[in-house]
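Trainee:
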Amino acid sequence: MKGDGRTLYSGNVRSSDSPIELNLDVRGVRNFDVLVDFGDNLEICDHLDLCEARFNK
4 MKGDGRTLYS
14 GNVRSSDSPI
24 ELNLDVRGVR
34 NFDVLVDFGD
44 NLEICDHLDL
54 CEARFNK
């Protein structure tokens with residue numbers, strides 16, 4: 004996850020992982036990017052669910 008080109012979070016997330024809560028400092032950020040890439044094994048069905056995602060001002 005990047006804010007104005009600056010990395011705010013990077014990590015691997017697997018289907019067996021418990022949900023994680025992220026508290027990122029997005030003050031002043033105008034562009035927020037989320038990159039989901041292929042996992043280590045097959046290049047199929049890779050996705051990310053951003054359930055209940057919120058931005059607080």
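So the sequence shown is numbered by our numbering: it starts at 4 and just counts up by one. We put the CB at the ideal spot given by N, CA and C, even for glycine.
Tell me the rounded alpha-carbon separation between H50 and L25.
Mentor: Distance between the alpha carbons of H50 and L25: 18 Å.
Trainee: Rounded to whole angstroms, what's the CA-CA distance from F58 to E46? Just pull it up for me.
Mentor: 30 Å
Trainee: Is the beta carbon of V37 closer than 8 Å to that of G6?
Mentor: The Cβ-Cβ distance between G6 and V37 does not fall below 8 Å.
Trainee: Where does F41 sit, in a helix, a strand or coil, going by DSSP?
Mentor: coil
Trainee: Pull up the DSSP beta-bridge partners for G6, would you.
Mentor: R9 and F35
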